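Okay, structure first, notes after.
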Amino acid sequence: MSDPVRLTVVGSGNASNAAGRGHSCYWLEGVLPDAGLMVDFGGTALAGIKSLGLDPQRLGVLAFTHLHGDHIGGYPFLVIDALYDRGRTTPLQVVGPVGVEERLESLLRVCYGSLAEKERPFRLSYHELSPGNAFALPGGGSIQASAADHQDPPEVPLCLRITAANGSAIAFSGDTRFCDGLFEAARGTRLLVAECSALEPPCGRHCSWLEWREQAASLDCPRILLTHLGEEVRARIPELLGEGLAGLEVEFADDGRTLEVR
Ligand SMILES: [Zn+2]
């Protein structure tokens, strides 16, 4: 049997770091040959991966679901670390929604001025993904995008499905309210990493526990890891696990937690 994909929750909190958790982001092993892949990189991400003993030098692909600060805010620190602390020479591929390069390069300029123009001793490449398109990963896997419902145009937030060369697939909701793209991303995967920002609506363009109770049966996926948790969701986890979601194996994310997916 092929090696499992191993997912580490680097951060499981929302934008306001509810309950002291890091911004929602994930490290995957077993998708790229000899390198890690991350989904999102908020302000707390670099501290998160280092506190878990993960090496940012080993990050080969960084995929963004959308361009909100709690999903991209740590990017300048990753570049600083690569340039000054690690002397990175290995390439880093950044994949994200339309406008990803412009947004991240302006973030670098805002945070560190001329650093954005400094020559980089490693190859940094940006790749835009639109809903319906896929990015081919080194080693034979892929990142497939579908439309999330979280921001207004010109922003094009994404749900992502990440498939390893052995066929194991994990979907990431990013931030979204319930929409077709979310179900499309999850279809046929082994695990959906999905946001659950609140107990019930209204919660803006996010998902709530009450809605998951209604929608779970429509999901073509056996297992769900709920994340991006608001304070009141985190406080009631034991009770919510007791309620469960029809037909699904339910887990709640916490910083540092790891899961294996075959
Ligand atoms: Zn967001």
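Per this note's numbering, residue 1300 is the first one in the sequence shown, and the count goes up by one each step. Beta carbons are placed, not taken as given, at the ideal position from N, Cα and C, and that holds for glycine. Please read these numbers as outputs of a predicted model, since none were measured by experiment.
Does the distance from the C-beta atom of P1452 to that of P1396 stay below 8 Å? If you number the sequence shown from 1, residue 1452 lands on position 153. If you number the sequence shown from 1, residue 1396 lands on position 97. In this structure, P1396 does not lie closer than 8 Å to P1452 by Cβ.
From H1370 to I1536, what distance separates their C-alpha atoms? Locating residue 1370 in the sequence shown gives position 71, counting from the first residue. Locating residue 1536 in the sequence shown gives position 237, counting from the first residue. Near 24 Å, if we compare the C-alpha coordinates of I1536 and H1370.
With DSSP as the reference, label H1370 as helix, strand or coil. Here the question's residue 1370 lines up with position 71 in the sequence shown. The answer is helix: DSSP assigns H1370 an H, G or I state.
Quick one: grab the DSSP three-state call for C1410. As a working mapping, residue 1410 is identified with position 111 in the sequence shown. Looking at C1410 - three-state DSSP - the assignment turns out to be helix.
Return the first residue and the last residue of the beta strand (DSSP E) that L1331 is part of. Against the sequence shown, residue 1331 aligns to sequence position 32. C1324 to L1331 is the span of the beta strand (DSSP E), which, as asked, contains L1331.
Inter-stretch contact (C-beta, 8 Å, three-pair minimum) for the region 1546–1561 and the region 1482–1491: Result yes; three or more Cβ-Cβ pairs closer than 8 Å.
Mind checking whether the beta-carbon of D1474 lies closer than 7 Å to any heavy atom of ligand 1? For the purposes of this step, residue 1474 is taken as the residue at position 175 of the sequence shown. Correct: D1474 has its Cβ closer than 7 Å to ligand 1.
Which residue or residues does DSSP assign as beta-bridge partners of P1449? For this step, residue 1449 is matched to residue 150 along the sequence shown. A small fix is needed here, since residue 1449 is His in this sequence, not Pro. In the DSSP assignment, H1449 is bridged to no other residue.
Member of S1323, A1515 and A1545 whose CA lies at the smallest distance from the CA of T1528: Residue 1528 sits at position 229 when you count from the first residue of the sequence shown. Thr is not the amino acid found at residue 1528; the sequence shown has Leu there. With distances taken between Cα atoms, L1528 lies closest to S1323.
For the alpha helix (DSSP H) that contains Q1356, what are its first and last residues? Position 57 of the sequence shown, counted from the start, is the residue given in the question as residue 1356. Taken as a continuous stretch (DSSP letters only), Q1356 belongs to no alpha helix (DSSP H), as it is neither H nor E.
So the beta strand (DSSP E) E1550 belongs to, where does it begin and stop? To locate residue 1550, count along the sequence shown from 1; it is residue 251. Where E1550 is concerned, the enclosing beta strand (DSSP E) stretches over E1548 to F1551.
Grab the span of the beta strand (DSSP E) containing L1459 for me, first residue to last. One-based indexing of the sequence shown puts residue 1459 at position 160. L1457 to T1462 is the span of the beta strand (DSSP E), which, as asked, contains L1459.
Which one of W1326, N1313, G1319 and G1310 has the shortest CA to CA distance from I1461? The residue you call residue 1461 lines up with position 162 of the sequence shown. Nearest neighbour of I1461 by Cα position, chosen from W1326, N1313, G1319 and G1310, turns out to be W1326.
Proximity test, H1322 beta-carbon vs ligand 1 heavy atom, cut-off 7 Å: The residue labelled residue 1322 in the question sits at position 23 within the sequence shown. H1322 Cβ: outside cutoff for every heavy atom of ligand 1.
Roughly how many angstroms separate the alpha carbons of V1338 and V1309, rounded to a whole number? Counting from 1 along the sequence shown, the entry for residue 1338 is found at position 39. Counting from 1 along the sequence shown, the entry for residue 1309 is found at position 10. So the alpha carbons of these two residues sit roughly 10 Å apart.
Between the Cα of A1433 and those of E1427, G1546 and I1442, spot the shortest distance and give me the residue it belongs to. Locating residue 1433 in the sequence shown gives position 134, where the first residue counts as 1. That would be I1442, whose Cα lies nearest to the Cα of A1433.
Looking at the secondary structure, which residues open and close the alpha helix (DSSP H) in which R1533 lies? Residue numbering aside, residue 1533 sits at position 234 when the sequence shown is read from its first letter. Residues E1530 to A1534.
Cross-strand partners of Y1425 (DSSP beta bridge): Indexing the sequence shown from 1 puts residue 1425 at position 126. V1393.
Buried or exposed, going by whether 16 or more other CB atoms sit within 10 Å of the CB of A1484? As a first step, residue 1484 must be located in the sequence shown, where it is residue number 185. That one is buried.
Could you compute how far the alpha carbon of T1364 sits from the alpha carbon of G1541? What you label residue 1364 is simply residue 65 of the sequence shown in a count that begins at 1. What you label residue 1541 is simply residue 242 of the sequence shown in a count that begins at 1. Distance between the alpha carbons of T1364 and G1541: 30 Å.
Buried or exposed (CB count within 10 angstroms, at least 16 for buried), G1466: Counting from 1 along the sequence shown, the entry for residue 1466 is found at position 167. When all chains shown are included, G1466 counts as exposed.
In the DSSP assignment, find the alpha helix (DSSP H) that holds F1482 and state where it starts and stops. Here residue 1482 corresponds to residue number 183 of the sequence shown, with the count starting at 1. Segment D1479 to A1485, the alpha helix (DSSP H) holding F1482.
Candidates G1386, D1380, Y1374 and R1385, of which the one nearest V1393 by Cα: As a position in the sequence shown, residue 1393 is number 94, starting the count at 1. Closest option to V1393, Cα to Cα, is Y1374.
Would you give the residue range spanned by the beta strand (DSSP E) that R1522 belongs to? Sequence index remark: in the sequence shown, residue 1522 carries index 223 (1-based). Unbroken beta strand (DSSP E) run through R1522: R1522 to T1526.
Give the straight-line distance between the Cα atoms of L1509 and E1499, rounded to the nearest whole angstrom. On the sequence shown, residue 1509 is found 210 positions in, with the first residue counted as 1. On the sequence shown, residue 1499 is found 200 positions in, with the first residue counted as 1. Distance between the alpha carbons of L1509 and E1499 is about 5 Å.
I'd like to confirm something about H1426: is its beta-carbon nearer than 7 Å to some heavy atom of ligand 1, or not? In the sequence shown, residue 1426 corresponds to position 127, counting from 1. It does not: the Cβ of H1426 is nowhere closer than 7 Å to a heavy atom of ligand 1.
Could you give the residue range of the alpha helix (DSSP H) that holds E1510? Along the sequence shown, one-based indexing puts residue 1510 at 211. Segment W1508 to Q1514, the alpha helix (DSSP H) holding E1510.
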